[in-house]
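> In full-length UniProt numbering, the protein residues as written are 1 to 99.
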């Protein structure tokens, strides 16, 4: 995947207070519902005690719709246990408009 350094971002630190039982790792993806073929990135991190994901642990390309357009973005976070089975999943959706 070619990444545009002008819009490349690192995910800010996160603190998770609730997790699926047995969670060993978290997998993050960001998708643009209005441009589903555009790969925004994501990644996986080992779940740490206390639920902290450090700043910069996930690399992604932030919202970047064409000028004046509104696009809908979805973050998906999946929890995986040590056997490789998905233990949980959640999503968050928001819109973004370019100037």
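Glycine included, C-beta positions come from ideal geometry on N, C-alpha and C.
Looking at residue 79 and residue 23, is the spacing between their C-beta atoms short of 9 Å?
Result yes, Cβ atoms of residue 23 and residue 79 sit closer than 9 Å.
> Use the C-beta contact count for residue 87: other C-beta atoms within 10 angstroms, 16 or more gives buried, fewer gives exposed.
Counting Cβ neighbours within 10 Å, residue 87 comes out buried, since at least 16 surround it.
> Would you mind reading off the limits of the beta strand (DSSP E) that contains residue 41?
41 to 46 is the extent of the beta strand (DSSP E) around residue 41.
> Would you identify the three-state DSSP class for residue 28, choosing helix, strand or coil?
Residue state, collapsed to three classes: strand.
> Give me the residue from 43, 21 and 99 with the minimum Cα distance to residue 67.
Checking every option, the nearest Cα to that of residue 67 belongs to 99.
> Can you grab the Cα-Cα spacing for the pair residue 82 / residue 26, in whole Å?
Answer to the nearest angstrom: the Cα atoms are 11 Å apart.
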